[in-house]
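Student:
In our numbering, the protein residues as written are 314 to 716.
#1: With DSSP run on the structure shown, which of helix, strand or coil describes residue 655?
#2: Check whether the Cβ atoms of residue 707 and residue 664 lie closer than 7 Å to each other.
#3: Would the region 583-591 and the region 433-447 be scored as touching if the rule is three or more Cβ pairs under 8 Å?
#4: Quick one: which unbroken alpha helix (DSSP H) runs of 4-plus residues sit fully inside the region 635-689? Chain order, please.
#5: Can you tell me whether residue 590 is buried or exposed? The criterion is at least 16 other CB atoms within 10 Å of its CB, across all chains shown.
#6: Measuring alpha carbon to alpha carbon, tell me which residue in 672, 493 and 652 is nearest residue 686.
#7: Tell me whether the region 568-584 and the region 402-422 touch, counting them as touching only if at least three CB pairs, one residue from each stretch, are closer than 8 Å.
#8: Which of the three DSSP states is assigned to residue 351 in this structure?
#9: Return the residue from the list 568, 700, 553 and 508 that minimises the CA-CA distance to residue 599.
#10: Identify whether residue 576 lies in helix, strand or coil by the three-state DSSP scheme.
#11: Under DSSP, the alpha helix (DSSP H) around residue 447 begins and ends at which residues?
#12: Counting along the chain, where does the alpha helix (DSSP H) carrying residue 520 start and finish?
#13: Could you give the first and the last residue of the continuous beta strand (DSSP E) run that contains residue 496?
#14: Evaluate residue 576 with the Cβ neighbour count: other Cβ atoms within 10 Å of its Cβ, from every protein chain shown; 16 or more gives buried, anything less gives exposed.
#15: Would you call the region 690-697 and the region 348-359 touching, i.e. three or more CB-CB distances under 8 Å?
#16: Given this structure, state the Cα-to-Cα distance separating residue 510 from residue 520, to the nearest angstrom.
#17: Just confirm the distance between the C-beta atoms of residue 641 and residue 656, as a whole number of angstroms; I'd bet it's less than 8 Å.
#18: Tell me the rounded alpha-carbon separation between residue 517 and residue 618.
#19: What did DSSP end up calling residue 372 once you bin it into helix, strand or coil?
#20: Only counting the same chain, and skipping five residues up and downstream in sequence, which positions put a Cβ closer than 8 Å to that of residue 387?
#21: Hey, would you say residue 554 sits closer than 7 Å to residue 507, going by beta carbons?
#22: So which of 571, 357, 689 and 398 has the shortest CA-CA distance to residue 601?
#23: Please list, in chain order, all residues of the same chain as residue 595 whose beta carbon is under 7 Å from its beta carbon, the five residues on each side excluded.
#24: Taking 8 Å as the limit between beta carbons, can you name the residues of its chain near residue 478, skipping five residues before and five after?
#25: Taking all protein chains shown into account, do 16 or more other C-beta atoms lie within 10 angstroms of the C-beta of residue 720, making it buried, or fewer, making it exposed?
#26: When we look at the beta-carbon of residue 629 and count the other beta-carbons within 10 Å, is it buried (16 or more) or exposed?
#27: With distances taken Cα to Cα, identify the nearest neighbour of residue 702 among 677, 482 and 325.
#28: Return the chain-ordered list of same chain residues with a C-beta closer than 7 Å to the C-beta of residue 401, the five sequence neighbours on each side being excluded.
#29: Under 7 Å, do residue 557 and residue 539 count as touching if we go by C-beta distance?
#30: In chain order, what residues of the same chain have a beta carbon less than 6 Å from the beta carbon of residue 321, not counting five sequence neighbours either side?
#31: With distances taken between CB atoms, is the gap from residue 525 to residue 414 smaller than 7 Å?
#32: Pull the bridge partners of residue 475 from the DSSP assignment, please.
#33: Just mark residue 638 as buried or exposed, buried being the case when its beta carbon has 16 or more other beta carbons within 10 Å.
#34: Looking at the strands, I want to know which residues DSSP matches up with residue 463.
#35: Thinking C-beta only, is residue 609 closer than 7 Å to residue 412?
#36: Residue 419 lies in the beta strand (DSSP E); which residues open and close that run?
Below is the structure:
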């Protein structure tokens with residue numbers, strides 16, 4: 314708290330954005346980090362936690378992973394920020410094309426917002442149209458076109474961005490019709506993870522309908538795989554859910570915590586992509602690129618995805634059993650390696666706040682209203698410890714709020 318008070322004097326809000334303690338559990342969650350190793354995380358006060366937030370997704374192999382850190386350090390010794398790209402940039406593009414099933418080319422940015430915005434620009438260039446359709450409540454980054462409702466924005470920022478209800482293909486088709494041939498792109502996450510709520514999986518047939526609507530109307534389909542990418546299927550989360558986008562974006566788990574992102578696409582859009590001005594002083598920084606190459610190689614070598622899915626299933630099953638033991642109803646949603654939990658019929662998160670706060674006090678980080686993440690460094694013992702803590706926390710919730 315002392316450091317947070319110090320921060321508020323020089324940083325607006327103390328900690329910007331969703332990492333501000335107001336978005337978690339003030340007084341129980343850590344405010345500032347000190348170090349991490351594997352699936353363990355220590356805050357500035359040296360409190361140790363089993364980390365199920367994983368930097369909100371980027372840590373997929375575990376903090377301070379030796380293969381990734383060795384690759385990053387080797388490249389760092391040769392130089393970091395050059396006037397031009399290094400050979401590593403080409404190597405990573407080749408690796409993305411080799412790994413992602415729909416990729417014929419790749420470009421690189423620094424964060425998810427960079428590449429979702431770039432993908433929209435590519436779609437607009439390719440189609441020569443203006444409008445972009447997205448699901449209500451979806452998050453595609455912090456740029457003006459996709460964050461209505463926050464400060465500093467004007468209506469014109471998102472004038473050509475329209476929304477429909479996720480899983481409602483009829484509503485999407487009607488919206489496309491009303492736009493009279495002016496839809497450049499439909500951008501969707503592989504499954505719906507709106508802010509402040511549980512995750513929503515695609516209903517059977519939804520993705521087939523979306524693909525058909527886009528194909529029949531010449532619309533570019535963008536898969537925003539920034540959050541889920543490399544945790545469900547190395548080839549892209551579209552393979553996990555059975556659809557084929559024209560463009561796909563990645564970031565979080567791409568380099569195990571190093572700041573990098575990518576947009577990949579089909580060859581038909583390559584010429585349009587080359588016409589979009591996409592650059593930045595740090596877009597070709599070599600250390601992050603080396604880390605990404607090592608991360609993707611390691612994920613494949615250790616077959617990390619099935620392992621994370623299995624541990625996630627173990628966590629979800631154990632939570633359900635322990636909640637039922639205390640006569641509590643919980644809702645578990647999302648894929649197993651990216652689980653989300655809420656208490657049934659709760660809209661104010663009071664019980665989730667209490668549950669997560671008690672878990673943090675016991676050394677387990679479980680966010681009250683954001684999905685959690687499994688990483689390859691978690692073990693069955695970590696899952697069992699988390700479940701033992703959850704059992705204690707369910708007891709606290711039951712005593713305070715009832716069933």
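Each residue gets a CB set at the ideal place from its N, CA and C atoms; glycine is no exception. It should be emphasised that the depicted structure is a prediction, and the values quoted were computed from it without experimental measurement.
Tutor: In terms of the structure at hand:
#1: It is a strand residue.
#2: Cβ distance not < 7 Å, so residue 707 and residue 664 don't count as in contact.
#3: Verdict: yes, contact present.
#4: 663-674, all fully within the region 635-689.
#5: That one is exposed.
#6: Among 672, 493 and 652, the Cα nearest to that of residue 686 belongs to 652.
#7: With a cut-off of 8 Å on Cβ pairs, the region 568-584 is in contact with the region 402-422, counting three or more such pairs.
#8: Of the three classes helix, strand and coil, the one that applies to residue 351 here is strand, per DSSP.
#9: Considering only alpha carbons, the answer is 568.
#10: Three-state DSSP puts residue 576 in a strand.
#11: No alpha helix (DSSP H) contains residue 447, which is instead part of the beta strand (DSSP E) from 444-448.
#12: 519-530 is the span of the alpha helix (DSSP H), which, as asked, contains residue 520.
#13: Residues 496-501.
#14: Looking at its Cβ environment, which holds 16 or more other Cβ atoms inside 10 Å, residue 576 is buried.
#15: Yes, they touch.
#16: Looking at the two C-alpha atoms, the distance is approximately 22 Å.
#17: With 8 Å as the limit, residue 641 and residue 656 qualify as a contact, their Cβ atoms being about 7 Å apart.
#18: Roughly 23 Å separates the two Cα atoms.
#19: The three-state reading of DSSP puts residue 372 in coil, since its state is none of H, G, I, E or B.
#20: Excluding its 5 nearest sequence neighbours in each direction, residue 387 has C-beta neighbours in its own chain below 8 Å: 603, listed in chain order.
#21: It is not a contact, given that the beta carbons lie outside the stated cut-off.
#22: Measuring from the Cα of residue 601, the nearest candidate turns out to be 571.
#23: If we look at residue 595 and ignore the five residues flanking it on each side, its Cβ neighbours are 394 and 423.
#24: Closer than 8 Å at the Cβ level, and outside the excluded window around residue 478, lie 448, 449 and 484.
#25: Because the chain here runs from 314 to 716, residue 720 falls outside it and cannot be looked at.
#26: Burial call: buried.
#27: It is 677 whose Cα lies nearest to the Cα of residue 702.
#28: If we look at residue 401 and ignore the five residues flanking it on each side, its Cβ neighbours are 388, 599, 602, 603 and 606.
#29: With contacts defined by Cβ atoms closer than 7 Å, residue 557 and residue 539 do not form a contacting pair.
#30: Excluding positions up to five away in sequence, the list reads 327.
#31: No, they are not a contact pair.
#32: Note: residue 475 is bridge-paired with 446 in the DSSP secondary-structure output.
#33: The residue is exposed, with fewer than 16 neighbouring Cβ atoms inside 10 Å.
#34: According to DSSP, residue 463 bridges with nothing at all.
#35: Taking 7 Å as the Cβ cut-off, residue 412 and residue 609 qualify as a contacting pair.
#36: 418-422 is the extent of the beta strand (DSSP E) around residue 419.
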